[in-house]
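**Student:**
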Amino acid sequence: MYKRRFIMIYTLTSDIFDIFTMNIFFNTIFQKRNKNIPYPIFISFFVLYEFIGFITNSYFNLSGSKHLYIVSLVSILTIFLLTFLYNANLKLRLLSAISYHVLGGLSEVVIYIIISYFPKEDRAKILSQNGICLAISQILFFVFIMFAVLFVKRKKSELLTLQYSILILFTPVLTNILILSISNAPKNNIFHKTMNTLAIIGLLAANIVNYFLLDSLLKVKELEITKKQLNDKLEYQTKKYLLLSTTYKNSRKIIHDVKKHYFFIRECLHKQHYSEIDDYINTSIGDMEQTFNRINTGNLVIDSFVSNYMMLAEHNNIVFKTNIKVDLDNIQISDYDFSIILGNLLDNCYNACEKIMPPRKREIDVDIFTTERELVIHLYNTFLPDTIKYDDDELVHGYGTANVFNITHTNRGNYNNFIKENFYHAVVTIPCNIDKYKKI
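Numbers 3 to 442, taken from our numbering, label the letters of the sequence shown in order.
#1: I need the straight-line Cα distance from Thr412 to Thr80, nearest angstrom please.
#2: Do Cys355 and Asn319 count as a contact pair if the criterion is CB distance below 7 angstroms?
#3: So for His427, helix, strand or coil by DSSP?
#4: Please classify Asp329: does DSSP put it in a helix, a strand, or coil?
#5: Rounded to whole angstroms, what is the Cα-Cα separation between Glu237 and Lys230?
#6: From Ser309, Asn353, Ile409, pick the residue whose C-alpha is nearest to that of Ile2; which is it?
#7: In this structure, what does DSSP give as the bridge partners for Ser365?
#8: What's the C-alpha gap between Met10 and Asp20?
#9: Are the CB atoms of Ile138 and Ile100 nearer to each other than 7 angstroms?
#10: Does the separation of the CB atoms of Ile379 and Val430 fall below 7 angstroms?
#11: Answer with yes or no whether the minimum CB distance from Leu97 to chain C is below 7 angstroms.
#12: Quick one: measure Cβ to Cβ for Leu94 and Phe47, integer angstroms, because I've assumed they're closer than 8 angstroms.
#13: For Asn435 and Ile45, what's the separation of their Cα atoms in angstroms?
#14: Do you know how far the Cα of Leu244 is from the Cα of Ile39?
#15: Are there 16 or more other CB atoms within 10 angstroms of the CB of Glu269, so buried, or fewer, so exposed?
#16: Since I believe Ile366 is in contact with Ile326 (beta carbons under 8 angstroms), could you give me their beta-carbon distance rounded to a whole number of angstroms?
#17: Report the partner residues of Phe1 according to the DSSP bridge assignment.
#18: Out of Asp437, Pro361, Leu381, Ser77, state which residue places its alpha-carbon closest to the alpha-carbon of Ile421.
#19: So Val205 packs on Ile170, CB below 8 angstroms; how close in whole Å?
#20: Go ahead and label Val104 buried or exposed: buried means 16 or more other beta carbons lie within 10 angstroms of its beta carbon, across all protein chains shown.
#21: Using 10 angstroms around the beta-carbon of Arg364, count the other beta-carbons present and answer buried if the total reaches 16, otherwise exposed.
#22: Could you spell out the range, first to last residue, of the alpha helix (DSSP H) harbouring Leu162?
#23: Can you tell me where the alpha helix (DSSP H) holding Asn383 begins and where it ends?
#24: Once the 5 residues before and after Asp17 are set aside, which same chain residues still bring their CB inside 6 angstroms of it?
#25: Could you work out which residue in Ile134, Ile147, Phe28, Ile78 is closest to Asn89 when comparing CA atoms only?
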């Protein structure tokens, strides 16, 4: 009775370990589970999977290969059905189910190959202990799952360091060594058997805890980086919006100052101080050129940003060309979002040209136009080939590109970049009159 109770506890622990292992694998591959399924029902399907596995192994008393085929078929089918707990396409479901089953079979083959190199006496002792063999097989399977998880995560996260990978794999490898040493420990009485069983249960639990602790640390690091990116984004967007506000206020200030200019000029005319008028007008024109918009489309975002960067380009001997033809009714993006997109793109163009040393060509071209269906923002500039960042997939416009991409997609638009004839091109399209053309 006492022995049976411990076998039940060990079997239950083993099943829980299998459920955690499968959850880790599926959560990494699929990322999003079906939220329409309540969590208790979600977990109960994994419990049902373990129960089906137990029934299949216990009651299908078929010989040799027939038993293997039946168990494998049932395993793949049930794993495939479990994939419907997650959001994924059919191809990924099939690939995941087959991969999981293959990794499970591979772990059993590898463990028997490893044990075959042991001395005959030790080999016989290990193989005679089903619990030890099962635990070693499970841990080795867990190692293979960790390799698969690390492979997938490395493609999705740059934070996945070699140190993290070593820490993830160290515990299961050490666990297998400890379990193999337990197989040679004395089992003369109930106490020794109990302690050995508890040790194996503890080691299985330690692997799960170790994984979730390290995974939590990785998520915390990702959140810290996301927080920093959001703070940087907010600071950058605030600066650009303040530029928009300042430009508008300066324009209003000039209009208010016109009356004072007229009074001064009239006084000079009455007193016949014509030379003072000439100097005063020259000074006023200079002030207006510094504060008033060079571009006047009627859209505050276009006028202020393009005018500002046009002046910056002229001061730094950068050729700045514009071709702007817009219908204000077809600019249906908010000023805030528009200022982030246009501000980032202009900033990237200017920064790229600023790095080019004369006599190399330094040029920025701004094409903005509207159609009945979309607003098109097309900016292109010269650049230094050495500044291209192929690894980051952001090319020369690394800074702010993520913001442009996200806000463009929020507004149901598209963002593309490419290099053509020594110019870097960035193209943003924002749809307009969507409801009108839906009906057609």
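We treat Cβ as the ideally placed atom computed from N, Cα and C, and that holds for glycine. Since this is a predicted model, take the numbers as computed values, not measurements.
**Tutor:** Taking the coordinates as given:
#1: 39 angstroms
#2: no
#3: strand
#4: coil
#5: 10 angstroms
#6: Outside the displayed span of the chain (3 to 442) sits residue 2, for which this structure offers no information.
#7: The residue you asked about is not Ser; residue 365 is Glu in the sequence shown. Paired residue(s): Val321.
#8: 15 angstroms
#9: no
#10: yes
#11: Annotation note: the requested chain C is absent from the structure, which comprises a single protein chain.
#12: So it is not a contact: roughly 18 angstroms between Cβ atoms.
#13: 47 angstroms
#14: 47 angstroms
#15: exposed
#16: About 13 angstroms separates the two Cβ atoms, so there is no contact after all.
#17: Since the displayed the chain opens at 3 and closes at 442, residue 1 lies outside it and no answer follows.
#18: Cα-wise, what sits closest to Ile421 is Leu381.
#19: Reading the sequence as shown, one finds Leu at residue 205 and not Val. That pair is no contact at about 16 angstroms.
#20: Label assigned to Val104: exposed.
#21: By the neighbour-count rule (16 or more Cβ atoms within 10 Å), Arg364 is buried.
#22: Where Leu162 is concerned, there is no enclosing alpha helix (DSSP H), given that its DSSP letter is neither H nor E.
#23: Taken as a continuous stretch (DSSP letters only), Asn383 belongs to no alpha helix (DSSP H), being part of the beta strand (DSSP E) at 376-384.
#24: Excluding residues up to 5 positions away in sequence, Glu52 lie with their Cβ nearer than 6 angstroms to the Cβ of Asp17 in the same chain.
#25: Phe28
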